[in-house]
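Just below is one structure, and these are the notes that go with it.
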Amino acid sequence: MRGDRFGTAELIQSEGNRITQQAMQANRRSLLLLADKLYRRNPAEWRKSAATREAALMQVEAALLSGQPWAPLAGRRDVAALSLALAPEFGGDRVAAFIVACHDTIVAAHGGKREFYYLDGVDPQHVYNAARNMEIALWILNTRRTPAGQPLLLANEIGPDSRNLGFEREFGKIIGRLDLLASYLTERYRRAVISYVQSVVAAPLLAFLPVK
16 MRGDRFGTAE
26 LIQSEGNRIT
36 QQAMQANRRS
46 LLLLADKLYR
56 RNPAEWRKSA
66 ATREAALMQV
76 EAALLSGQPW
86 APLAGRRDVA
96 ALSLALAPEF
106 GGDRVAAFIV
116 ACHDTIVAAH
126 GGKREFYYLD
136 GVDPQHVYNA
146 ARNMEIALWI
156 LNTRRTPAGQ
166 PLLLANEIGP
176 DSRNLGFERE
186 FGKIIGRLDL
196 LASYLTERYR
206 RAVISYVQSV
216 VAAPLLAFLP
226 VK
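Position in the sequence shown counted from 1, then plus 15, gives you my numbering.
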């Protein structure tokens with residue numbers, strides 16, 4: 016397995032910055048993959064916003080990269096946008112709204128940043144909360160119904176002759192990355208505090224040793 020090519024921006028990134036940014040990019044790729052899966056199972060959704068499924072996917076990708084509010088979400092961001100995207104009465108392209116809102120929630124948990132450098136810090140509690148929000152969103156998507164009694168979106172396929180849980184597995188990867196990053200950041204900050212205390216305690220004991 017090969018890593019990314021070296022970039023000059025990495026010179027002003029710590030190891031933690033790099034890991035955080037890589038996880039963010041991986042989660043964006045997962046969300047785009049989920050959008051494709053959802054559009055394939057819910058073609059009526061992409062028809063609300065584009066002429067083809069491919070065009071709808073390109074619009075979603077552009078929205079994730081730009082970070083601009085998604086117009087059908089009426090200016091709502093992060094968890095407020097997620098609530099609207101999962102509201103039974105929402106009449107727009109629910110796939111796009113759901114994916115954009117999930118991404119916005121993840122970005123908000125990272126302090127609104129997509130790139131991370133030495134002076135940037137991320138609160139591990141916010142990242143942990145984002146993971147729980149993804150779990151809640153997945154549960155709502157699987158259980159809530161429209162006023163007509165239909166699922167908000169067809170996601171997993173479970174039938175007598177077929178079983179496809181690709182959506183659930185990919186969404187689980189996002190949750191797993193967020194949880195792993197939250198644990199890593201918590202341990203990193205904990206070790207930083209311990210190292211500082213050790214340096215303070217050891218300072219009075221430090222003395223130059225004779226060399227001759």
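Where is the CB? At the ideal position from N, CA and C, for every residue including glycine.
Legend entry - CB contact flag (Leu49, Leu101, <8 Å): no
Legend entry - Per-residue DSSP class, three states only, for Ala41: It is helical.
Legend entry - Residues that Arg129 bridges to, as DSSP identifies them: In the DSSP output, where bridge partners are listed per residue, Arg129 has none listed.
Legend entry - Backbone CA spacing between Gln36 and Val137 [nearest angstrom]: 11 Å
Inset, instruction - Tell me, please, which residues DSSP counts as bridged to Pro166. - result: Arg160
Inset, instruction - Please go through the same chain and pick out, in chain order, the residues whose beta-carbon is closer than 7 Å to the beta-carbon of Glu30, but skip the five residues on each side of it. - result: none
Inset, instruction - Using a threshold of 8 Å, state whether the C-beta atoms of Lys63 and Gly107 are closer than that. - result: yes
Inset, instruction - Within the same chain, show all residues whose beta-carbon is closer than 7 Å to that of Ala78, passing over the 5 residues directly before and after it, in chain order. - result: Answer for Ala78: Trp85 and Val115, listed in chain order.
Inset, instruction - Identify which residue in Ile189, Arg92 and Ala111 has its Cα closest to the Cα of Ala71. - result: Ala111
Legend entry - Rounded Cβ spacing between Ala145 and Asn157 (contact assumed at less than 8 Å): Not quite, the Cβ-Cβ distance comes to about 19 Å (not below 8 Å), so this is no contact.
Legend entry - Chain-order list of residues whose beta-carbon lies under 7 Å from that of Pro87 (same chain, five-residue window excluded): Gly107, Asp108 and Ala112
Inset, instruction - With DSSP collapsed to three states, give me the class of Glu104. - result: coil
Inset, instruction - Consider the C-beta atom of Ser29 and the heavy atoms of the ligand MN; say whether any pair is separated by less than 7 Å. - result: This structure does not include the ligand MN; it has no bound ligands of any sort.
Inset, instruction - Would you grab the beta carbon distance between Val142 and Ala197 for me? Rounded to a whole angstrom, and I think it's under 8 Å. - result: 4 Å
Inset, instruction - List the endpoints of the continuous alpha helix (DSSP H) containing Leu79. - result: Arg68 to Ser81
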